[in-house]
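What follows is one structure encoded as C-alpha cells, with my remarks underneath.
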Amino acid sequence: QSGRKPLMAGNWKMNNTHFEAISLVQKMAFALKDADYAAVDVAVLPPFTAIRSVESLIKADKYGIQFGAQDVSQHASGAYTGEISAAMLAKLGCTYAVVGHSERRQYHAEDDALVNAKAKAALAADITPILCIGEGLEVRKAAGHVQHCITQLDGGLEKITAEQVRRTVIAYEPVWAIGTGEVATPQDAQEVCAAIRTRLAELYDGGVADEVRILYGGSVKGGNIAGIMAQDDVDGALVGGASLDPGEFVKICRYRD
Ligand code: PEP
Numbered sequence: 010q011s012g013r014k015p016l017m018a019g020n021w022k023m024n025n026t027h028f029e030a031i032s033l034v035q036k037m038a039f040a041l042k043d044a045d046y047a048a049v050d051v052a053v054l055p056p057f058t059a060i061r062s063v064e065s066l067i068k069a070d071k072y073g074i075q076f077g078a079q080d081v082s083q084h085a086s087g088a089y090t091g092e093i094s095a096a097m098l099a100k101l102g103c104t105y106a107v108v109g110h111s112e113r114r115q116y117h118a119e120d121d122a123l124v125n126a127k128a129k130a131a132l133a134a135d136i137t138p139i140l141c142i143g144e145g146l147e148v149r150k151a152a153g154h155v156q157h158c159i160t161q162l163d164g165g166l167e168k169i170t171a172e173q174v175r176r177t178v179i180a181y182e183p184v185w186a187i188g189t190g191e192v193a194t195p196q197d198a199q200e201v202c203a204a205i206r207t208r209l210a211e212l213y214d215g216g217v218a219d220e221v222r223i224l225y226g227g228s229v230k231g232g233n234i235a236g237i238m239a240q241d242d243v244d245g246a247l248v249g250g251a252s253l254d255p256g257e258f259v260k261i262c263r264y265r266d
C-alpha cells in the first residue's frame, strides 16, 4: 500500500434505522482511538435515511469517522422520483458514494454506462465514488475474472479524467464472495487488484495508478483481514455484514494488531 492510506468502509446495506445508526456509530467511536484514525480512514455507509443523524453525531462529538452513501443518482435534479442527488449528499457532508455495487447491478439492472454516469455525478459534487466491480461464480470458474473486471473498470471510468480518478476509490468485490461467507484468498484479491492497477497505469499513467486506492470486498471479517491487507495492491476493504457489528468492524480497522 506504499503511500496509500488504507480505507475501511462499512456498507450497512438496508440495515439500521436512524436511531440504530446513532447507537452503532457511538459504539464504534467509543472503541476507536486517534491511533486508529491515523493508520486508516474509517467510513460508514448508512442508508440515506440515517445519513443526517450520523452526520450530526459525528460533527457534534468530533468523531474521526467518515461517512457516505450507498448509491447516488446520475441526475443533478428534477423529476426523478425517489432519487437522491450528489449535491444533496455533499450538503450532508458525505465523503463517499458507492456506485455499481453488485446488488444494484443485479437487482436494479445497473450497467457500466449508468455506473459511469453516477461516478461522474459524484465527482462533480466533490464526492469520492467507490466504484465496485467484480465477477460472478460462472465467470470465475471459466477463468474470465480478470478480463471481466477490466471491462467493468473501463466502462465505469469512461471519460473520467486523471485528476478525477485520483479522487476515486475502486472496490474489487467478487460476487460469489459477497454475503456468502466465502472470502477470496489473499492471492485471489491481489491478482485482480494488481490487474486493476496495471490497467489504471495504461488508461492514465503509473503515477496516477500508484495513488488510487483499491479495496477488496466479500465476506471480510476480523479473522481474515490481515492476510488480505498484506497484499501490495489491496488498500482496504468494503465490508458488508461485519460492519454491522461494532466489535468486528473495529477489529477489521485494527488489522495490524
Ligand atoms: C458488500 O456488500 O460490499 C460486502 C462486501 O458484503 P459482505 O462483507 O457481507 O460480503
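Residue 10 is where the sequence shown starts when you use full-length UniProt numbering, and the numbers rise one by one after that.
Where a beta carbon is used, it is the ideal one built from N, C-alpha and C, also for glycine.
Nothing here was measured: the structure is a model prediction, and the numbers come from that model.
Taken in chain order, the unbroken stretches of alpha helix (DSSP H) that lie wholly in the stretch 134-162 and span 4 residues or more are 146-150. Distance from the CA atom of Asn233 to the CA atom of Ala198, rounded to whole angstroms, is 12 Å. Between Ala40 and Val174, the C-beta spacing is not below 8 Å. Collapsing the DSSP output to three states places Gln75 in a strand.
According to DSSP, Tyr225 shares a beta bridge with Tyr181 and Ala246.
Taken from the Cβ of Leu247, at least one heavy atom of ligand 1 lies inside 7 Å. Between Ala118 and Val81, the C-beta gap is not smaller than 8 Å, which leaves the two residues out of contact. When only Cα atoms are considered, Arg114 and Asp120 end up about 6 Å apart. For the set Thr160, Ile136 and Ala47, the Cα lying nearest the Cα of Gln79 is the one of Ile136.
Your pair Ala180 and Ala186 does not check out as a contact, with CB atoms roughly 12 Å apart and the cut at 8 Å.
Residue side-chain check: Ala251 places its Cβ nearer than 7 Å to a non-hydrogen atom of ligand 1.
About 5 Å separates the beta carbon of Ser228 from that of Gly190, a gap short enough to meet the 8 Å contact definition. By the criterion of a C-beta distance shorter than 6 Å, Ile139 is surrounded in its chain by Tyr105, Val107, Val178 and Ala180, once the five residues flanking it on both sides are discounted. Residue state for Asn233 is assigned as coil, using DSSP reduced to three classes. Secondary structure at Asn20: strand, using DSSP grouped into helix, strand and coil.
By the criterion of at least three beta-carbon pairs nearer than 8 Å, the stretch 214-225 is not in contact with the stretch 153-170.
In terms of Cβ geometry, Leu33 and Asn20 do not form a close pair [threshold 8 Å]. Among the bridge pairs identified by DSSP, Tyr105 is matched with Gly77 and Thr137. According to DSSP, residue pairing for Asp50 in a beta bridge involves Leu16. Relative to ligand 1, Lys22 has its C-beta within less than 7 Å of a heavy atom.
Rounded to whole angstroms, the separation of the alpha carbons of Phe76 and Pro55 is 8 Å. Residues Pro56 of the same chain have their beta carbon placed closer than 7 Å to that of Met23, with the five preceding and five following residues left out of the count. When the alpha-carbon of Gln196 is set against those of Glu167, His157 and Asp242, the nearest one is in Asp242. Rounded to the nearest whole angstrom, the CA to CA distance from Ala126 to Ala134 is 13 Å.
DSSP places Arg114 in the helix class (H, G or I) of the three-state scheme.
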